[in-house]
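Engineer:
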Amino acid sequence: MPERFHDFSVAKLEMLSNSFWREINPSAKSCVSLIKLLEVYASKENWEQVINLSSRAVLHLDKIYDRADFYHIWICALKDSFDKDGLVLLGRHLFRMRFFHPVFLSLSLISFSFASKNKIARKIYFYLKKTKGIENRFYFEAIGLFFASQKSIESIKMGLFYLRKVTSEKKCSYFSLRNYLRVLSEKNYVNEMTEVYNVMHERFPFAQEPYLVATLIAIDNTDWKEAIRVLNQIILDNPANSCAILSLCQCYNEIGDYLMTVELLSKNKDTFIDNEYDYNCLLGMTLKKIVDIDFDKNLHQLAIRHLQKSYNLAKFFKFPYYSIEKELNDLKNDKNQKIYDDVEINVINVINEQASEANSLFNDRKVG
-7 MPERFHDFSV
3 AKLEMLSNSF
13 WREINPSAKS
23 CVSLIKLLEV
33 YASKENWEQV
43 INLSSRAVLH
53 LDKIYDRADF
63 YHIWICALKD
73 SFDKDGLVLL
83 GRHLFRMRFF
93 HPVFLSLSLI
103 SFSFASKNKI
113 ARKIYFYLKK
123 TKGIENRFYF
133 EAIGLFFASQ
143 KSIESIKMGL
153 FYLRKVTSEK
163 KCSYFSLRNY
173 LRVLSEKNYV
183 NEMTEVYNVM
193 HERFPFAQEP
203 YLVATLIAID
213 NTDWKEAIRV
223 LNQIILDNPA
233 NSCAILSLCQ
243 CYNEIGDYLM
253 TVELLSKNKD
263 TFIDNEYDYN
273 CLLGMTLKKI
283 VDIDFDKNLH
293 QLAIRHLQKS
303 YNLAKFFKFP
313 YYSIEKELND
323 LKNDKNQKIY
333 DDVEINVINV
343 INEQASEANS
353 LFNDRKVG
């Protein structure tokens, strides 16, 4: 059984994982060391490092299931970094590798499911059903994620059954638990999320997902004070956690503290380079709330700018955009803005008239 780690500092884990790269055929212990490092990187949302190391690791290994572990991590990192193109490319690569071992077919299904390529995923699923000798943890997770992505309640329940089967194993990976937790969150299974939270907290003490679950439960109970407390702790541990920052901002919006939301988003602008849609949408919506309460021309223009960006991104990524469009039109047709413009024009006219009158008087004096 793999050695249990108690020191989760990145520096210590990086040192322990060096043996993986020194060995020609990395041992099980070296593989575990590197996987633990990748898990900690993932908990801090350092997806660039996870993708870099996992993609290199698959080239350094000969054993099929060791390679499968790192391919699985690579897929999960691409999903969490919203890289659909990367998922499609990796899915195709894994599908071609099915001739070496059927486990790669299961991984290909996970990759295409995460990329929301439903037609391709369905074809791979039926291909997988005809293949023999494939019943392993990757297979059960693949069909679990596939069924969970369907619309019917029966399919979703079937998907959750398989994902529960995978995550109930003692050697279940941190990334499989994350995938299960994501599905439960998307389907709003709050009670089941609490169970997974307990398992994750026990097996992976460094994980931040349990705190996010605690936040979701607090939000579900409209306990905004508790949600804000937990989210502040998450951000203190990992200042680059953009999801936690967005959730915290939404909590502040719920209690009407819009200025705090604007301050948080403005202060953490660089954190949202890979998540511009959510950033611009939330900031634009919040600025509109402020403008609705107390009109300000500069904030009005800023709200339009951010909502326009989120609207363009929503159309590009085929996200729902009707609510953004409505808020954007409200801002563009704002009566306060028209009144402000009329007042501004009148002021300019008065100034021009006064300037003309002063100039005339000056000329009269020169003649006199």
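When the count follows the working numbering, it moves up by one through the sequence shown with no breaks and lands on 360 for the last residue. The beta carbon of each residue, even a glycine, is placed where N, CA and C say it ideally should be. Remember, predicted model here, so these are calculated numbers, not experimental data.
Give a yes or no on whether the C-beta atoms belonging to residue 185 and residue 169 are separated by under 9 Å.
Structural biologist: no
Engineer: Can you grab the Cα-Cα spacing for the pair residue 317 / residue 303, in whole Å?
Structural biologist: 7 Å
Engineer: Assuming residue 323 and residue 299 form a contact by the criterion Cβ under 8 Å, report the distance between their Cβ atoms to the nearest whole angstrom.
Structural biologist: 7 Å
Engineer: Should residue 16 go down as buried or exposed, given a rule of 16 or more other Cβ atoms within 10 Å for buried?
Structural biologist: Burial state of residue 16 is exposed, judged by a 10 Å Cβ sphere holding fewer than 16 other Cβ atoms.
Engineer: Please state the DSSP three-state secondary structure of residue 225.
Structural biologist: Residue 225: helix per DSSP, three-state reduction.
Engineer: Can you name the start and end residues of the alpha helix (DSSP H) that residue 252 belongs to?
Structural biologist: 250 to 259
Engineer: Check whether the stretch 65 to 76 and the stretch 101 to 112 are in contact - that is, three or more C-beta pairs closer than 8 Å.
Structural biologist: yes
Engineer: Between which two residues does the alpha helix (DSSP H) holding residue 81 run?
Structural biologist: 76 to 88
Engineer: Could you work out which residue in 191, 235, 248 and 270 is closest to residue 217 when comparing CA atoms only?
Structural biologist: 248
Engineer: Does the Cβ-Cβ distance between residue 230 and residue 37 come in under 9 Å?
Structural biologist: yes
Engineer: Taking CB distances under 9 Å as the criterion, tell me whether residue 95 reaches chain D.
Structural biologist: Going by chain labels, chain D is absent from the structure shown, which holds only one protein chain.
Engineer: Do you know whose CA, among 124, 254 and 47, lies nearest residue 283's CA?
Structural biologist: 254
Engineer: Buried or exposed: which applies to residue 171, given that a residue is buried once 16 or more other Cβ atoms fall within 10 Å of its Cβ?
Structural biologist: buried
Engineer: Would you decide whether residue 346 is buried or exposed? Buried here means 16 or more other CB atoms lie within 10 Å of its CB.
Structural biologist: The pLDDT assigned to residue 346 is 46, lower than 50, so where the model puts this residue is not dependable; a value taken from the coordinates is nonetheless given after this. By the neighbour-count criterion, in which 16 or more other beta carbons inside 10 Å mark a residue as buried, residue 346 falls on the exposed side.
Engineer: According to the neighbour-count rule (16 or more other Cβ atoms, all chains shown, within 10 Å of its Cβ), is residue 272 buried or exposed?
Structural biologist: buried
Engineer: Quick one: complete alpha helix (DSSP H) runs, 4+ long, within the stretch 136 to 185?
Structural biologist: Counting only runs of 4 or more, we get 145 to 159 and 166 to 178.
Engineer: Whole angstroms are fine: how far does the CA of residue 239 sit from the CA of residue 220?
Structural biologist: Roughly 9 Å separates the two Cα atoms.
Engineer: Going by DSSP, what residue range makes up the alpha helix (DSSP H) through residue 244?
Structural biologist: 234 to 246
Engineer: Taking just the CA atoms, how far does residue 269 sit from residue 64?
Structural biologist: Between the C-alpha atoms of residue 64 and residue 269 there is a straight-line separation of about 27 Å.
Engineer: Look at the alpha carbon of residue 7 and the alpha carbon of residue 277, and state the distance between them as a whole number of angstroms.
Structural biologist: Roughly 46 Å between the two C-alpha positions.
Engineer: According to DSSP, is residue 313 helix, strand or coil?
Structural biologist: coil
Engineer: Assess, as a yes-or-no matter, whether the stretch 144 to 157 is touched by the stretch 81 to 95 under the definition of 3 or more beta carbon pairs within less than 8 Å.
Structural biologist: no
Engineer: Alpha carbon to alpha carbon, how far is residue 259 from residue 54?
Structural biologist: Using only the alpha carbons, I get a separation of about 46 Å.
Engineer: Would you kindly report the start and end of the unbroken alpha helix (DSSP H) that includes residue 41?
Structural biologist: 39 to 49
Engineer: Given this structure, state the Cα-to-Cα distance separating residue 158 from residue 139, to the nearest angstrom.
Structural biologist: 14 Å
Engineer: Would you kindly check if the distance between the Cβ of residue 183 and the Cβ of residue 141 is under 9 Å?
Structural biologist: no
Engineer: Within a Cβ cutoff of 7 Å, which residues of the same chain sit near residue 223, ignoring the five residues on either side of it in sequence?
Structural biologist: 207, 236, 239, 240 and 243
Engineer: So what does DSSP say about residue 15, is it helix, strand or coil?
Structural biologist: coil
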